[in-house]
Amino acid sequence: MKKTNKRVPTIRLKRVYDPPSPDDGFRVLVDRLWPRGIKKDQLALDLWMKDVAPSDGLRKWFGHDPTKWEEFQRRYREELQQQPEQLDLLLSHALSSGLTLLFAAQDRDHNQAVVLREVLLERARTGENQAGR
Numbered sequence: 145m146k147k148t149n150k151r152v153p154t155i156r157l158k159r160v161y162d163p164p165s166p167d168d169g170f171r172v173l174v175d176r177l178w179p180r181g182i183k184k185d186q187l188a189l190d191l192w193m194k195d196v197a198p199s200d201g202l203r204k205w206f207g208h209d210p211t212k213w214e215e216f217q218r219r220y221r222e223e224l225q226q227q228p229e230q231l232d233l234l235l236s237h238a239l240s241s242g243l244t245l246l247f248a249a250q251d252r253d254h255n256q257a258v259v260l261r262e263v264l265l266e267r268a269r270t271g272e273n274q275a276g277r
C-alpha cells in the first residue's frame, strides 16, 4: 500500500517579471535559459533548477505553440520521470515553506511550470515522493 501524504503542498506559479511577495516561499526558476532582460542579481531567487526544465530539443520543438500543448505535456512528463530527486526536493519545499515556480514564458497557461506543478501535486497525492520519510 502506498504511503499518502495528508498535507497539501503550496505551489504557486509566477512569471519572472512579476514582483516577489512575502508568501512566495521558496522561489525556483524552472527555465533552462536565463530570462531575457533580467540581471542575475535582480531576480529574487532561491534556486535555479535547469535540470527540471524541458530539454533543449523539447523546448525548441514546442516553441510555446498552444497547438502542441498536449504532446508537450506528455513528452515533458516523460523527461521529469528521470528527475525523481529533483522532484522530491521541490515537493519538500512546497510542503514545508511553500514553493513558487518561476518561468519567463508570456503564456501563463501553456508552459513547463504548469506541467511541473501538476506533476508535483500528483506525487503528493499518490505518495510517490520520498520527502518527509
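Start counting at 1 in the sequence shown, then tack on 144, and there's your number in the numbering used here.
Glycine included, every Cβ here is placed at the ideal spot set by N, Cα and C.
* To do: Evaluate residue 266 with the Cβ neighbour count: other Cβ atoms within 10 Å of its Cβ, from every protein chain shown; 16 or more gives buried, anything less gives exposed.
  => exposed
* Asked: Can you give the beta carbon distance from residue 172 to residue 243, rounded, assuming they're within the 8 Å contact cut?
  -> 7 Å
* To do: Measure the C-alpha to C-alpha separation of residue 215 and residue 252 and round it to an integer number of angstroms.
  => 18 Å
* Asked: Taking buried to mean at least 16 other C-beta atoms within 10 Å of its own C-beta, is residue 197 buried or exposed?
  -> buried
* Using a threshold of 9 Å, state whether the C-beta atoms of residue 151 and residue 268 are closer than that. => yes
* **Alpha-carbon to alpha-carbon, residue 165 and residue 225** => 31 Å
* By a C-beta neighbour count over all protein chains shown, 10 Å radius and 16 as the cutoff for buried, is residue 261 buried or exposed? -> buried
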